[in-house]
Amino acid sequence: MSFCISCRNRISIENAPQEEKEQTINHSFPNDNGMQQKSLEALNMDKCNPLERDTMCSLTEDACKVGTYKELSEENIKNDGASSEQVKRPEEASTTKIYSINSERMSRSTSISPERILNSPTKKRMREVHVRQMRALKRKLAVTAYKYPTAPQKFHSIRYVLKELKKNNLIREDEIIMLEDFESCTRDLIKCEIRKRKQLPVSKIYKPSIREFALSLHFYSPSAYDHVRNKFYKCLPHTKTISKWYVSFNGEPGINSESLKAIRKFADSVPYKLIGSLMFEEIYIREGDEYYQGKFVGYSDCGNNIACDTAALASRALVFCIVCLNASWKLPIAYYLINYTSNEQKVNLIKQCLIAVQEAGLLVTALCGGYSLFYEDILRKLGCNLELKPFNPRMELTFQPWFKHPANDSNVYIFMNPRRLMQLVRIALSSEEKLYDDTENIIKWKHVANLQKLQEAERLYLTNKIMIKHMQYHSNSKIKVKSGMQLLNCPMTNAMIMCKNKLRLPEFRDCSPTVKFITLFNDLFDIFNSINLRQHGLKKPIHNSNYVQIDRKLQECATYIKSLSIGAERRSVINSKVKMGFRGLLMNIKSLLHMYKFVCTDNDLLKYIPTYKLSLDNLDLIFNYLKPHYEYNTDPTVVQFKSAYKKLITHTELRDKNSGTCTPLEDIAVLHMSSEQPIYIINATTNIALRIQWPDMFRMEHKIHLDYSSLQTRYSSPITEYKTEVISYIAGYILKELTISLHCTARGHQRSSSDTQAFRERTKRDARDELQRELEKLGATAREDKKAMIGRQFSGFQHLFERFLQEEGPSLEWNHIQKLSEDAVKDYNSLPSPETNEVKELLDKLIVVKLNGGLGTSMGCHGPKSVIAVRNGLTFLDLTVQQIEHLNKTYNANVPLILMNSFNTDDDTQRIIRKYKGIDIDIYTFNQSCYPRINRDSLLPIAKHCQIDEDIEAWYPPGHGDFYESFQNSGLLKKFIREGREYCFISNIDNLGATVDIKILKSLLSKRPEPPLEFVMEVTDKTRADVKGGTLIKYEDKLRLLEIAQVPKDHIDDFKSIKTFKYFNTNNLWIKLSAIERVLEQKALNMEIIVNNKTFPNGLNIIQLETAVGAAMKSFEGSVGINVPRSRFLPVKKTSDLMLVMSNLYTLRNGSLVMSPQRMFPTTPLIKLGDNHFSKVKEFLIRFPTIPDLLELDHLTVSGDVTFGKGVTLKGTVIIIANHGERIDLPSGTVLENKIVSGNLRILDH
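Structural data, given as structure tokens:
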């Protein structure tokens, strides 16, 4: 550090401002001896010897100049020892600040102006030099920018580099998508590049992010890796370093310990049990020995612990791979270099892999392989049972395609690759021998060939991709697997049906057996190629919501395959030369059904089975990734295979892409639309030899007139009916899409799609997708023991919600309602009465179901409505139990009682029915579904979790229409069918008139020639009090229930008319149990949706989607109505109904209410009680100490603050009205007959 020779330790500027401190600058001390001496004399330091480090600050320099050149006066120089003096020049006295200079050898003060310091000659020269240098640098920078306007960037992001790789064709699009996840390592690469450019030390240990990115990129493309490495200033490791990373992995034949460690690590990191499938296949390698890493390789090698013929050159590599079923990963775990391997050796290798993977923490439940590996001998040695047993009239293959796991007692199920099986089925279909179905009809390959010839001749294709290469597969050296599915799919069947039915072509007249054959095998492939629950139909994985549908379809396909025969001898196809494809599909069918029961139903290990993970395509994908690393040779050498296998194992970001063997024969463009050049695009995507080249002015939207007659003559054959149909369909579809995308406006008689309609469709689609995501989030919050049940309920709710989105307006057209026929409604009095000795037999065929899901909140009660006391302290449930008990005792029968509860009533009901243990009656309960309430504005659930008890307001029971599916899901439906029960009697538990009627039951079970009745609805004559209730109509030749919500607004009055619709639904139903099972299995249950709008106290508007049990009437065959007496309809919905059943109008007999014989009229009186004072049961009982005598009452209206005394008698029409602020107290013993009472009336006791 340099110091001023004069003011070192003697200048005091601590109190000076910062800007003045900065102005004090040090300069070099003069080198000239003369100048040094003069400066020292001026500073009174002539005896001092300056050092090399000494300098002069700007203040000292000024002092030197003043003393040297201007001869300081004696007045300005003070003697030594003076502590501090201030000297001012007269002309600067007003602008100069003084700094004191203290020294042992000099005591002198000099007054210096800052202006003089800044304008000194030295400062001026330095400023001029700096200005010239800046101008020169700016000119140089401008010239450089002009010469190099696009200078390359040195620091890049991973995304930028990947785009550059794609531009230079160094990497494929699908690989770019896989590598974009490494964007997070950009920062590490840039930091490393900066340090290298600054020649700072860089760590030799690469970070994990850089290591993974380097391995992944080098795996996909070594040339792309070199390019990126140069871009990042060689911050990525050298290729030799990557080779060392590969070498560090033990890639020798046998089971890889590194793979097992990875499985164990993943298993420890998740809270659930890992389930997977083990698949294996052979890949051919080039025979020959090579000298590699100090030894000769290329011979058979099965690992250290397995003996094999090591002297034989290896010709194949047997690769094993694990695919996890409940996580998204796959991992090769072993490979063996083999030449010839016996079936026993293969069985041994399979068992060793199963044991090793089990010890690593993954349970293998499926074994998957190709048709070239799974011979019957291997399956038998594994423990599968493939014996043939006679089946009349054909042979049935009794399969048990599973064996015991060698490490535990679970089963391992066998699966064959469905794509390859479909290829074998295609070969069987095209064989020379004729194929026959179960009805002895011939399934002809000729129909497929005729369709291909027709499409080639017409040069237009009927929504399928069948080409000449599909037909000439025998000439191909290697058969493409995917071509099999391009022949066995729905577009093929649709094209054949069109040619048969619409075009009426003679060559397709007998194509129905072929259509059925292709359709069933297409359905099978959809089932075995499922991915996730977002799919629909048969493509949706097997799950508890669609198990019945999948099981029925698989059984249908299995029965069809077993019925197929081939050749003139009618040999069963499963015993013929082409048996492998059909037998493999039968194995897959049975394995899938039993595996679902094991992993989903019995042990709850999986929620659904993604069957695409049971396909060998997953292993073909791995082989496809290996090919670029041995230069796409058909057969790699052992060294090439080992090197590629090491890279595959250490590469951690392998993802799915197109399967190696499942590629289409030809890339056929899909017809698409463009708003700019529709005609050009259509012709560009049409596979014809001659295409019309449209002029540019057409693309510029200029009008052009075409001579279509000359166009037809030059470019095409005559317009046939086939072309007319195809072109019309294509033109209509294109026009529809263009009108939507171009927002065309209607002109004249033309009509275009409405923007509002398109908006609604998009909104509905978005709402459906959003609801599915919200339901998945809700399902994840459920407890493990309830996830399966909640999954089934959410599946039903989602189906109901989709119907709600699709349905608009009334569900029927009013003018299409038909008049009821005479036999549509039977008279109850016309039904025959059974004999006493046959009643027991009839009752043994019956079960009684009571709908017990409602609460008593509308009547001011808490808990289930069934626990409200209605007569002599007995509740609805007590009276129901008494009725069934009396029936069983009287006829020595055993009629069970089934209660359908909701989540609101189940707990209370379970506690109450304990008191009936001593009663001779079997009581069963099951719960209806629990659906989330929907926000009316967002159409999303308002629930945040599945803990219903914590947020009960967010859930609701979806009406009694949910009975059918909930009854089936409970298992009670199958139970009672197995017991021989045939009918169920369903009614509301608050309907005290709904008792078991022997006459109706006999009419149902009577053996008559006509088909049995499946659905019977009890109706009664409509009164003015029932005008809003449902009625029975005939629509589309079927009986159905019509509710007021389905009626158009213009016809509400017609609906309420007693003359037009004279029947009223009592909701007492008799339904055949086997018919319920059939309708549910066929997915034929169709009930109108009831939208229930509600508003919470906080102002939140919600909707509930409900269904009614009687609305299913149209889904059954043999439906009828029975006009029953009014006494069978005694519901208690309000306190006015409660007043009737508690009065002397009825007497209680064995749990049933019987009309008093003293009543002169068979009808019940009409009672209306004010809501403000009588709606709650508690208030009702306070205002009626005893129920009045109603034997002669016709009509009663009570409004306002009215209280009745004891022993009141009411006759005729009585109206009692107490206006606001008024009160009426009827004294005890009052008799009112045809009276109107109003005003104030209060009698007080003395």
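Sequential numbering of the sequence shown, starting at 1, is according to the UniProt record's numbering. Each residue gets a CB set at the ideal place from its N, CA and C atoms; glycine is no exception. For clarity, every value in this text was computed on a predicted model and none was experimentally measured.
Taking DSSP as the reference, what is the three-state secondary structure of residue 543?
Strand.
With the cut-off set at 8 Å, would you say residue 1122 and residue 1016 are in Cβ contact?
Yes, the pair counts as a contact, with Cβ atoms nearer than the cut-off.
Cutting at 8 Å between CB atoms, please list the residues of its own chain near residue 498, excluding the five before and the five after it.
462 and 725.
Along the chain, where does the alpha helix (DSSP H) containing residue 502 start, and where does it finish?
Residue 502 -> no alpha helix (DSSP H), and no H or E assigned at all.
If I'm right that residue 161 touches residue 234 with Cβ under 8 Å, what's the distance once you round it to whole angstroms?
That pair is no contact at about 14 Å.
Would you be able to state if there are at least three C-beta pairs under 8 Å between the segment 1164-1179 and the segment 1192-1206?
In short, these stretches touch, since the Cβ pair count reaches three.
What whole-angstrom Cβ distance do residue 874 and residue 884 have, given they're in contact under 8 Å?
Going by Cβ atoms, the distance from residue 874 to residue 884 rounds to 14 Å, so no, they are not a contact pair.
So, are the CB atoms of residue 544 and residue 779 less than 8 Å apart?
For residue 544 and residue 779, no; Cβs fall outside 8 Å.
Mind checking residue 961: buried by the 16 CB within 10 Å criterion, or exposed?
By the 10 Å Cβ count, residue 961 comes out buried.
Rounded to a whole number of angstroms, what is the C-alpha to C-alpha distance between residue 1192 and residue 1025?
When rounded, the distance between both Cα atoms is 19 Å.
Report the residue from 378, 366 and 1152 whose alpha carbon sits nearest the alpha carbon of residue 342.
Residue 378 is the option with its Cα nearest to residue 342.
Could you have a look at residue 369 and say whether DSSP puts it in helix, strand or coil?
Correct three-state label for residue 369: strand.
Within the same chain, show all residues whose beta-carbon is closer than 6 Å to that of residue 1138, passing over the 5 residues directly before and after it, in chain order.
Excluding sequence neighbours, residue 1138 sits near 1132.
Ignore the nearest five residues each way along the sequence and tell me which others in residue 570's own chain have a CB closer than 6 Å to its CB.
Here the set comprises nothing.
Does DSSP classify residue 858 as helix, strand or coil?
Here residue 858 sits in helix by DSSP.
Does the beta-carbon distance from residue 903 to residue 967 come in below 8 Å?
Cβ distance not < 8 Å, so residue 903 and residue 967 don't count as in contact.
Can at least three beta-carbon pairs, one atom from the segment 590-598 and one from the segment 505-517, be found at a separation below 8 Å?
These segments do not touch.
In three-state DSSP terms, what is residue 1238?
Looking at residue 1238 - three-state DSSP - the assignment turns out to be strand.
Measure the C-alpha to C-alpha separation of residue 932 and residue 947 and round it to an integer number of angstroms.
Cα to Cα, residue 932 sits roughly 12 Å from residue 947.
Count the C-beta pairs between the segment 835-844 and the segment 867-881 that are closer than 8 Å, then say yes if the count reaches three, no if not.
Counting Cβ pairs under 8 Å, fewer than three are found: no touch.
Which residues bound the alpha helix (DSSP H) around residue 894?
From DSSP, residue 894 is part of no alpha helix (DSSP H); its letter is neither H nor E.
In or out: residue 1097 buried (at least 16 other Cβ within 10 Å) or exposed?
Its Cβ having fewer than 16 others within 10 Å, residue 1097 is exposed.
Measuring straight from C-alpha to C-alpha, what distance separates residue 1256 and residue 370?
The shown model of the chain, from 1 to 1246, leaves out residue 1256, and the question about it has no answer.
Could you give the first and the last residue of the continuous alpha helix (DSSP H) run that contains residue 1055?
Residues 1052-1056.
Leaving out five residues before and five after residue 170 in sequence, what residues of the same chain have Cβ atoms less than 7 Å from its Cβ?
Answer for residue 170: 221, 223, 224 and 227, listed in chain order.
Look up residue 332 in the DSSP assignment and give the residues it is bridged to.
Paired residues: 321.
Apart from the five residues just before and just after residue 550, which ones in its own chain have a Cβ nearer than 8 Å to its Cβ?
Hits under 8 Å: 527, 538 and 542.
Drop a sphere of 10 angstroms on the beta-carbon of residue 910, count the other beta-carbons inside from all chains shown, and report buried for 16 or more, exposed for fewer.
Counting Cβ neighbours within 10 Å, residue 910 comes out exposed, since fewer than 16 surround it.
Tell me where the alpha helix (DSSP H) around residue 356 begins and ends.
Where residue 356 is concerned, the enclosing alpha helix (DSSP H) stretches over 343-359.
Tell me, please, whether the segment 1101-1121 touches the segment 1066-1084 by the rule of three or more beta-carbon pairs shorter than 8 Å.
Counting Cβ pairs under 8 Å, three or more are found: they touch.
State the beta-bridge partners of residue 276 as determined by DSSP.
The partner list for residue 276 (beta bridge, DSSP) reads 324 and 364.
Take the Cβ of residue 211 as the centre, count every other Cβ of all protein chains shown within 10 Å, and call the residue buried at 16 or more, exposed below.
It counts as buried.
Give the single residue among 813, 547, 1011 and 605 whose Cα lies nearest to the Cα of residue 1049.
It is 813.
Between residue 367 and residue 333, which are expected to be in contact by the criterion C-beta below 8 Å, what is the C-beta distance as a whole number of angstroms?
Their Cβ separation, rounded to whole angstroms, is 13 Å, which puts residue 367 and residue 333 out of contact at 8 Å.
Within a Cβ cutoff of 8 Å, which residues of the same chain sit near residue 924, ignoring the five residues on either side of it in sequence?
These residues qualify, in order along the chain: 896, 897, 898, 899 and 972.
Could you tell me the boundaries of the alpha helix (DSSP H) in which residue 293 lies?
Here residue 293 belongs to no alpha helix (DSSP H), and DSSP marks it neither H nor E.
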